[in-house]
Each structure stands twice: as structure tokens, then as C-alpha cells.
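All you need for this note's numbering is the position in the sequence shown, starting with 1, plus 4.
Think of the CB as a built atom: it goes at the ideal place given N, C-alpha and C, for glycine as much as any other residue.
So the structure is just underneath, and the comments pick up after that.
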Amino acid sequence: MPPPPIPFHLQPDSETRNKAVATATINAGDTVLSSSCLSTVVLPEEKGKRCDQCLRSEGLDYAALKRCSQSRSWKDHHRRMCKDLPHFLSTTPDHQQQLDSLLVAQLVAKHLASDEGRRAIVRYFQGSSAKSSVDDLESPLRALFTLQPTVRISSPPLPLQPNLLTATPRAAIDHLFSTIQNNHFSVATTYLHPIAHAIFPLASRAFNHSCLPNASPSYRYDNGLVWQDVRALRDIEVDEEITISYIDPASSLSSRQTTLRHMYGFECACSRCQMQASVPSTAALAPQNDLAKSESALREWVLGEHPPVVSPAAASLLPVTNSTIQDVPPTLLPFVREDDCLPALSSRFSDIAHSANPKLDSALSTGLTLLAMYIVIYPRHHPLIGLHCLELAKVVWNVGIVTPTEEAKCASMAGKLLELARSTMVVSLPSSGFDGEDGSSPWKDLQDLEALLGVDVKDCIK
């Protein structure tokens, strides 16, 4: 059965070459684009914990993991690389260069020796890759050679058989090495923990960046391959551009702009960057002794009288953009402008979450403040919002366990948090994604806690 048609087309754009524009209404949670990776490399800290080829760890002991990794990788590409691999690793101490070189070596070993790969190389040298065309999305290899690097650099030595290196034009290898510097994706588990780098040319070719994206990638294993699914985070209208975020949108404005300029070669002018740049530099967080009052005001504005439900007054204004900033209370502008307060807030919540005897008031005030910040910054169904609600529900439940007088209150709040977590995760965090190395997953955690609370598990897992 052929895959369903993609619900967008590439439209010429004067600033970004092209943009992906919706050709039909896309609902929150709908898959915008699914594609398998052309090459993938496990991060050094995950080596030996996951299969090098399929990235799975759940249900595999070390011996089974080794067999899976060796058999799949050998058939796929490793037989063309193994002889030169030890020398390459010993003479390439830089881990990032190792990852990039291995991604390119896999591309050459797996794909460029094929008929389709040779046609893609011919198109590249004929100059047709520079032309904007919706046909670029017909084939991942075709899309690969239309990607544009920020800076062109020469590839270092690759761990490949000499005949492969001789048969592949050096200019094509240099182009690929330059291109993947800013066109690889970080494959993450359902906990958003990075485990590998991978090449998904169709998504790289199709989607521009926004610090307030309306779509987000997730990752899964299927039939021996690593897949990327780009899902809509909210409803997307016809003729609206579909965007993803190349970096963490919660980074500070200056950090985001520096990273995007250095890695991708552009200045971001999305609605969130414009909004933050418009906030006066005089807006600053209150001194430490008044910080509790400021955080309380933030929670009240975002969550209202019935947390964790977003207040009706703020719902239409969130997340904050350049078109809604004028309606944000002036006393809360520092939270909108200063993303740097997030790490400290996150650290405080982590300390409470791992405390042997957490207090309900401090757990709720810090956890709900962090939730309010996430709702101000991230799109409504961003997976981090769902994961935080799940974690806060666990903390609140634990408080009820160790403090029987608070048990009823804790159970009620935990149930509300789980409802918000579930409604968010079903949109952006599919249950088919990569689990933690111990087989854990947010969906398993959610169902376990729902069972403890006596909540009926709703059939809403996509």
C-alpha cells in the first residue's frame, strides 16, 4: 500500500528558499511526514546499551543486543567499514567529528553505490540540486543532495573500503560532510533523552525553523529501521507554514540567536524572537526576597484558580507571541523576557522531586510555576509540558503517601495533572517511541499512576 500523500507542498520563499505550506487542514496530533533515516550513529554514552542499527534496548540483554547490532549493521554497511574503523577511531579523538564522519561513511556505504545514489550524484554535479522543486521530496537521496550547508568544508578521512572511496566523487563526499553539520537530527527517547544522531533528508528539506513551532519530530523503531514522525502540535490551517524547532525553544533569546547564526547561518525573526526583542531591557526579575510574590502572580495569571488548568483569561494569549505581548501584565514581562530563570527553577523542582520528604506547598508552588513557564514558552502540546505534568503528578502522589493528612488533596491534584499529561502526550509523544534503557516509558508511568489513583485508563494512545 503506498504511503498517504503529504499534506503540504514546497512553496518558494525569498528568505528561506522554500517553505512547507499546508494544502489541507491538519489537526493536532496528525502526522505531517513519516520517513526512515538514511544513516544513524549511537551517541558515545549510549554505546553498548542500544543496538547500533535499530537503537532498541528494551527486551535485549547484552548478548542479544550485540547479535542484533552486529547482524543488522553487517548486512547494512559495516562490512564495508570494519577494516578501517579501528584506525579511524584511534586517530580521530574529537567525538563530534567521529559522529559526523560515521554518518557520512554510512551514507556512502549504504546508499551512494546504488543506482539511485549514482543518479543523485549525477543530479548534484549537473546543478539540478540547486533548483527549488517539490520533486525534491520524492526520494530521500534526491532530497539529501539538495540540502544546503552553512559552510563548505573538506571531509576528513572516512573509514571505508578504498574501492568505495574511489568510486564516489570527492566533491560529493565533501558536500555531504558539510551538509550534515546542520542537517542531522538528534534521535531521542520518549523521555526526550538523546540517544543518537541520524539523517532524515525529507524533514531537513521540507521544514524551516521557528522558536514557536507548530510541529515536532518524534522517533520510533519499525521493521528494522529508525523512523521519524513529524506531528502537528496544534491545528494547522490551509496555506499556513509548517515549522519545527532546530534547537530548544526554552534557551534564552541571545543563546538561540547565536546558535542559529553559527550552526545554520540565519537570524531568526519568528514571532517569539520578535516578541522577546520587544520587551524593554529594564524588565527584570524581582530581587530574591520578592521572587515568591512574582512567581505567585505568574501562576495566578497562567493557571488561574483551578490549576493545572490554564485560566480562561490567559488561554487565548499563550504561548506569548509578538501579537499578544501587549496583553501580558507588565509585572510578568520579566518571565517572558528572561528565559535564564528556567534552569534555576527546574533545578529547584528537581531537588524537591528527589527529596526524601517533600512538602506539598513547596512541591506545588515550584512545580506549577515551572509548568506556567513552560506554557508561556512552548506550544500547547509540546511533549515537555506533558512530561513535566507527569513528573509533578508523581511528586504530589508521593507527598500524599508520606503525609496521610494531605492524601485526598494530593490524589485530586495528581489526577488533574495526569489528565493534562495524557491530553498533551497523545498529541506529541506516541507510545511507539524508544523507551528508556530499562524499558521504562512515560506511557507506562502514566498508566501505573492512573491505576494507583483508580483512574480509568482512556484509550487515547496514538
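In summary, ILE405 is exposed, with fewer than 16 beta-carbon neighbours lying within 10 Å of its beta-carbon over all protein chains present. The secondary-structure analysis by DSSP pairs GLY437 across a beta bridge with ARG224.
In the DSSP annotation of this structure, the continuous segment of the alpha helix (DSSP H) that includes ARG265 starts and ends at 257-268. HIS13: member of the beta strand (DSSP E) spanning 12-17, first to last residue.
Taking C-beta separations shorter than 7 Å and ignoring five residues to either side along the sequence, the partners of ALA425 in its chain run GLY390, CYS393, LEU394, ALA397, LEU450, following chain order.
Three or more beta-carbon pairs drawn from the region 239-257 and the region 266-285 are found closer than 8 Å, and the two stretches are therefore classed as touching. The count of Cβ pairs closer than 8 Å, one atom from the region 322-331 and one from the region 356-364, stays below three, leaving the stretches out of contact.
For SER350 and ALA376, the gap between their C-alpha atoms comes out near 12 Å. Segment contact: the region 34-41 against the region 5-19, three or more CB-CB distances shorter than 8 Å; contact assigned. Note on ILE356: 16 or more other CB atoms within 10 angstroms of its CB, so buried under the neighbour-count rule. Look at VAL332 here: in three-state DSSP terms it is coil, with no helix or strand label.
Here DSSP, grouped into helix, strand and coil, assigns GLN110 to helix.
Just measuring C-alpha positions, the residue of PRO205, SER208, LEU206, PHE189 sitting nearest ILE199 is PHE189.
For THR170, the enclosing alpha helix (DSSP H) begins and ends at 166-171.
Under the criterion of beta carbons closer than 8 Å, LEU111 and LEU180 qualify as touching, at roughly 6 Å. Around GLU441, the same chain offers LYS53, SER61 as residues with beta carbons nearer than 6 Å, after the five sequence neighbours per side are excluded.
As DSSP reads the structure, SER416 sits in no beta bridge. Counting along the chain, LEU37 sits inside no alpha helix (DSSP H); it lies in the beta strand (DSSP E) bounded by residues 35-40.
A residue is called buried once 16 or more other Cβ atoms fall within 10 Å of its Cβ, and GLN57 is buried on that count. Secondary structure at GLN232: strand, using DSSP grouped into helix, strand and coil.
Sequence-distant Cβ neighbours of PHE92 in its own chain, meaning closer than 6 Å and more than five residues away, are PRO163. By the Cβ test, the region 217-224 is in contact with the region 234-241, since at least three Cβ pairs between them sit closer than 8 Å.
By the neighbour-count definition (other C-beta atoms within 10 Å, threshold 16), LEU456 is an exposed residue. The C-beta separation of THR154 from MET267 comes to about 7 Å, placing the pair in contact by the 8 Å criterion. Per DSSP, the beta bridge partners of ILE248 are HIS213. Of all C-beta pairs linking the region 413-431 to the region 201-212, fewer than three are shorter than 8 Å, placing the two stretches out of contact. Counting of Cβ neighbours within 10 angstroms places ASN22 among the buried residues, the total reaching 16 or more. In the same chain as ASP178, and ignoring 5 residues on each side of it, the C-beta atoms closer than 8 Å to its own belong to ARG156, ILE157, SER158, SER159, in chain order.
Residue environment analysis places VAL403 among the buried positions, since at least 16 neighbouring C-beta atoms fall within 10 angstroms of its C-beta. Rounded to whole angstroms, LEU421 and HIS385 show a C-alpha spacing of 14 Å. Only buried fits THR44, as 16 or more other CB atoms lie within 10 angstroms of its CB. Ranked by how close their Cα comes to the Cα of SER282, the residues VAL313, GLU120, PRO383, SER327 have SER327 in first place.
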